[in-house]
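Colleague: So that we are looking at the same thing, I have put the structure below in structure tokens.
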Amino acid sequence: MGDRGKFIVIEGIEGASKGSCIQFLKENLSGYRIEFTREPGGTRIGEKIRKLLLSDGEDGLKYLISDEKSLTAVEICLFCCARYPHCKRIRRYQARGINVVSDRFDSSTLAYQIMGRRRGDLLWFFWALNEIAVDGIEPDLVVLLDLEPKIGLSRRKSAGGELSRFDKEELEFHNRVRRSFLDFKGSNWVVVDASKPEAEVQKEVLGIVKRCMEGK
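Take 0 as the starting number for the sequence shown in numbering that gives the first Met the number 0 and just add one per residue.
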């Protein structure tokens with residue numbers, strides 16, 4: 000059996016250029032054994048749950064559950080339901096020596112649902128469900144694209160395209176999300192200043208990811 004593949008996560012607030020960085024990685028890591036995935040998503044059922052969670056229309060969760068207190072608890076359940084098969088898939092890739100890069104992971108659930116919504120009372124609930132969902136899997140590297148939320152939201156709106164219901168949350172919500180990422184970052188995290196020019200950020204992230212995959 001060959002070396003285990005690395006599990007790498009890209010995190011950040013809205014407008015921190017996660018999407019463009021991941022696209023840059025796809026275009027510049029063709030020589031590596033690598034798979035790209037996302038949360039929520041990454042599996043057939045995960046993608047269905049993603050649509051339910053992110054949609055702001057009649058096919059979205061918020062349309063079905065108007066009570067904010069209940070909504071957050073159900074969101075946590077759904078994120079963890081999507082995460083369980085996703086982690087199984089990631090583990091299979093790693094066992095075959097394939098590296099995995101994920102657009103978000105469990106840190107986003109903690110940041111958005113618990114801290115962003117100020118639902119510290121549900122922290123125990125999140126930890127209990129998430130422990131089952133991840134089944135012991137941990138990222139080898141988390142790259143956090145850090146940015147002032149006011150700048151990120153401005154970028155997001157200027158870029159056009161459909162906004163998710165999380166994009167539409169108030170500024171203070173996004174400030175709390177950012178603080179959560181920074182407060183809970185672990186020793187396997189690297190923080191990148193996403194306020195720099197996009198091309199510079201992309202090259203920095205590429206270098207960080209390459210070093211991780213090469214064991215440097």
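Glycine is no exception: its CB is placed at the ideal position from the N, C-alpha and C atoms.
Across the region 169-177 and the region 193-209, are there enough close Cβ pairs to call them in contact, namely three or more that are closer than 8 Å?
Modeller: These segments do not touch.
Colleague: What residue range is occupied by the uninterrupted beta strand (DSSP E) comprising Leu140?
Modeller: Leu140 to Asp145
Colleague: What is the residue span of the alpha helix (DSSP H) that Gly11 lies within?
Modeller: No alpha helix (DSSP H) contains Gly11, which is instead part of the beta strand (DSSP E) from Phe6 to Gly11.
Colleague: Measuring alpha carbon to alpha carbon, tell me which of Gln22, Ala94, Leu28 and Val100 ends up nearest Gly41.
Modeller: Val100
Colleague: In this structure, what does DSSP give as the bridge partners for Phe35?
Modeller: Paired residues: Val100.
Colleague: If I measure Cβ to Cβ from Cys211 and keep anything under 7 Å in the same chain, skipping five residues before and after, which residues do I get?
Modeller: Closer than 7 Å at the Cβ level, and outside the excluded window around Cys211, lie Lys5, Ile7, Asp139 and Leu140.
Colleague: If I'm right that Tyr92 touches Ala132 with Cβ under 8 Å, what's the distance once you round it to whole angstroms?
Modeller: 17 Å between Cβ atoms; not a contact.
Colleague: Measuring CA to CA, which of Leu181, Leu146, Trp188 and Asp145 is closest to Glu137?
Modeller: Minimum Cα distance to Glu137 is reached at Trp188.
Colleague: Whose CA, out of Leu143, Gly14 and Pro148, lies closest to the CA of Arg154?
Modeller: Gly14
Colleague: Do Leu128 and Ile44 have their beta-carbon atoms positioned less than 8 Å apart in this structure?
Modeller: The answer is no: Cβ separation not under 8 Å.
Colleague: To which residues of the same chain is Phe183 closer than 7 Å at the C-beta, ignoring the five residues directly before and after it?
Modeller: Ser106 and Leu109
Colleague: Can you list the alpha helix (DSSP H) stretches of 4 or more residues lying completely in the region 157-207, in chain order?
Modeller: Under the rule that a run must span 4 or more residues, the alpha helix (DSSP H) segments found entirely inside the region 157-207 read 170-183.
Colleague: Just confirm the distance between the C-beta atoms of Glu10 and Leu143, as a whole number of angstroms; I'd bet it's less than 8 Å.
Modeller: 5 Å
Colleague: If we count the other Cβ atoms within 10 Å of its Cβ and call it buried at 16 or more, is Arg116 buried or exposed?
Modeller: Its Cβ being crowded by 16 or more others within 10 Å, Arg116 is buried.
Colleague: I'd like to check one pair, Ile12 with Arg177: are the Cβ atoms closer than 8 Å?
Modeller: Yes; because the gap between Cβ atoms is below 8 Å, this pair is in contact.
Colleague: Could you pull the start and end residues of the alpha helix (DSSP H) that Leu53 belongs to?
Modeller: Arg43 to Leu53
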